[in-house]
Amino acid sequence: MPQTVSLLFLLLILWPAAGHATVYEIFATGCPGRMPSRTLTGFKLHQYDGILTALHGVAGCTLIKISGNQGPVFSSPVRIAGVDFENDVALLSSAELSNSSITGYEISRVQIVPFMALQVEGYPLGTSSNTTTVQVRKEGVVMLRKLLPPGEIYDGVAGRHSPATTIPVISIQGPILPGHSGAPVFDSVGRVVAIANGGLMGGAAQISWAVPVEEIRLTPPNNHDLEVLGKLEIPVLFNLADESRGGGIATPTGERILAAVNKDSAIELRRALSLPDVTQHDKNSALFQAVRQAQDLLPILVQAGARPDKSLICAAPSMTSDEIRIIGTFPGLNANYACGTTPPLLLLVGFGVRGGAQLQKLQEFLRLPGVDVNVKDANGNTALHLAAKDDSTLALDMLLHVRGIKKDELNTSGNSPMDDACVYHMWAAVEVFKKNNAKTVWVKKVKLGCKP
Numbered sequence: 302m303p304q305t306v307s308l309l310f311l312l313l314i315l316w317p318a319a320g321h322a323t324v325y326e327i328f329a330t331g332c333p334g335r336m337p338s339r340t341l342t343g344f345k346l347h348q349y350d351g352i353l354t355a356l357h358g359v360a361g362c363t364l365i366k367i368s369g370n371q372g373p374v375f376s377s378p379v380r381i382a383g384v385d386f387e388n389d390v391a392l393l394s395s396a397e398l399s400n401s402s403i404t405g406y407e408i409s410r411v412q413i414v415p416f417m418a419l420q421v422e423g424y425p426l427g428t429s430s431n432t433t434t435v436q437v438r439k440e441g442v443v444m445l446r447k448l449l450p451p452g453e454i455y456d457g458v459a460g461r462h463s464p465a466t467t468i469p470v471i472s473i474q475g476p477i478l479p480g481h482s483g484a485p486v487f488d489s490v491g492r493v494v495a496i497a498n499g500g501l502m503g504g505a506a507q508i509s510w511a512v513p514v515e516e517i518r519l520t521p522p523n524n525h526d527l528e529v530l531g532k533l534e535i536p537v538l539f540n541l542a543d544e545s546r547g548g549g550i551a552t553p554t555g556e557r558i559l560a561a562v563n564k565d566s567a568i569e570l571r572r573a574l575s576l577p578d579v580t581q582h583d584k585n586s587a588l589f590q591a592v593r594q595a596q597d598l599l600p601i602l603v604q605a606g607a608r609p610d611k612s613l614i615c616a617a618p619s620m621t622s623d624e625i626r627i628i629g630t631f632p633g634l635n636a637n638y639a640c641g642t643t644p645p646l647l648l649l650v651g652f653g654v655r656g657g658a659q660l661q662k663l664q665e666f667l668r669l670p671g672v673d674v675n676v677k678d679a680n681g682n683t684a685l686h687l688a689a690k691d692d693s694t695l696a697l698d699m700l701l702h703v704r705g706i707k708k709d710e711l712n713t714s715g716n717s718p719m720d721d722a723c724v725y726h727m728w729a730a731v732e733v734f735k736k737n738n739a740k741t742v743w744v745k746k747v748k749l750g751c752k753p
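Numbered by the working numbering, the letters in the sequence shown go through residues 302 to 753 in order.
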């Protein structure tokens, strides 16, 4: 299962109040797998008798409780009273909840348009209720499978069948964090439009998704199906906070460091870094945020001992070319860390190189110290294989001129990059390979009509 997890912080802006209903923190314990205790978020829609949350966070758990930052306190555990396997939604209920006077949001059918601003309200990193600003990506509403890179990541989600890879989701740019699974997503006037679900690349890609609330179709739960789903490993592209590890990726001191970077405050950053309980992880986790929005604070972090770790290099595909150039100056950077089992170079190429800005990002990444241009994923694919399947002639032309490139490496299927271009009928890519004297297997060349 890929080691993909949670996403990054952005500066928040002022919004109108999302509403008067309460957003709830969900505590689930006795859960199967590597996260026996976890936290996520839930909320009430007026149409349903209970609290909605992400099914992947509660399936198979033996004890589920809810807590809100306002309104009544609930002491009794809740049960799963309804499910939507396809959209990965669960309805939590209890007699105590049914008899309470809690209010809920109305389902809002709002047209989702590219670059629309949204707001996620939840309990990120196991902390108190927090509001985070995100944006709809240019593709707007798409099938989930369109957001999942082929290979291990796609297979990990598809194998669960919940969520289904064919459902429509809102493609989101921005930080949906651990603990945000099941959180309500609001538009700029406070209407709930979706339920937060997951995101790619350990938070680094800032590519996330949410399920439109009008798509939810609840049915009575089947205990056997829930038990089976609960035993399946949860891909860490779902945004749960792991309570067994302290509720998230940062300690309280780490959160102070991140807050100081958010404010671009050198004074507050130095103060936070001087605290006795600061950890190496706390310092490392702030590097990406500083690269993005407070580059003047980078010398302070580096001087305090912050070092580029896996999460930073796995974020490179979502960075600008200038940001990639900056991280190349950090001592100890390893450009070949596997993000799950997929190296960041392959993630960058796999998301497509279509224009000048993306090509410039690839060029800067290839300049990083020690980058292995022939690095492979779990299926033996190199960057050339992925660019060939995508018919990305810009990426192919650049990669084929990198010193040390192996043009004819075979993947686990026995295909060279040019073979894959033939298999997928990417004839523009085939022409690029021909110009660079790349090879293809003779049998496939005849069978597929790829002529030398």
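Each residue gets a CB set at the ideal place from its N, CA and C atoms; glycine is no exception.
Closest Cα partner of residue i within the set the options
| i | options | result |
| --- | --- | --- |
| V672 | A658, I706, D698 | I706 |
| R608 | K584, A595, D488 | K584 |
| L353 | S394, S368, L667, L364 | S394 |
| L346 | D385, Y406, P425, N400 | Y406 |
| P451 | Q664, D720, G651, V674 | G651 |
| N388 | E397, H481, A497 | A497 |
| A617 | G331, P644, I601 | P644 |
| G361 | E516, L527, L647, R571 | L527 |
| G343 | S622, Y424, R446, S463 | Y424 |
| L588 | G629, L576, P577, S575 | G629 |
| T323 | C332, T330, A329, G351 | G351 |
| H357 | N675, V703, L341 | L341 |
| A391 | S622, V514, S402 | V514 |
| N737 | D698, A329, R557 | D698 |
| V437 | V470, R446, R410 | V470 |
| I468 | R518, H481, Q474, R492 | R518 |
| S338 | R593, L695, K366, Q581 | K366 |
| N635 | D623, S401, K611, D678 | K611 |
| A658 | A688, T621, N675 | T621 |
| N563 | T580, D578, Q596 | Q596 |
Bridge-paired residues (DSSP) for residue i
| i | result |
| --- | --- |
| A684 | Looking at the DSSP assignment, A684 forms no beta bridge with any residue, so it has no partner. |
| N431 | G423 |
| W728 | For W728, which the question treats as bridged, DSSP gives no partner whatsoever. |
| A511 | I471, A497 |
| A391 | T354, V384 |
| F344 | V324, L353 |
| Q436 | A418, Q474 |
| Y406 | L346 |
| V443 | V470 |
| T520 | V384 |
Cβ-Cβ separation, residue j to residue i (assumed contact under 8 Å), whole Å
| i | j | result |
| --- | --- | --- |
| K662 | I627 | Contact doesn't hold; Cβ gap of about 13 Å is too wide. |
| I327 | G500 | I327 to G500, Cβ: 18 Å. No contact. |
| L559 | Q604 | So it is not a contact: roughly 18 Å between Cβ atoms. |
| W510 | S472 | 6 Å |
| P485 | E422 | 6 Å |
| V435 | L419 | 5 Å |
| R492 | V411 | 6 Å |
Extent of the continuous alpha helix (DSSP H) to which residue i belongs
| i | result |
| --- | --- |
| A722 | 718 to 724 |
| Q581 | 581 to 594 |
| G358 | 356 to 359 |
| S399 | 396 to 399 |
| A658 | 657 to 667 |
| V603 | 599 to 604 |
| V650 | 645 to 651 |
| A573 | 567 to 574 |
| E624 | 622 to 628 |
| L700 | 694 to 700 |
Run of the beta strand (DSSP E) containing residue i, from where it starts to where it stops
| i | result |
| --- | --- |
| Q474 | 469 to 474 |
| D385 | 380 to 385 |
| I367 | 364 to 369 |
| F487 | 485 to 487 |
Determine, using beta-carbon pairs with one atom in the stretch 701 to 719 and one in the stretch 672 to 683, whether at least three such pairs fall under 8 Å. yes
Would you call the stretch 401 to 416 and the stretch 377 to 392 touching, i.e. three or more CB-CB distances under 8 Å? no
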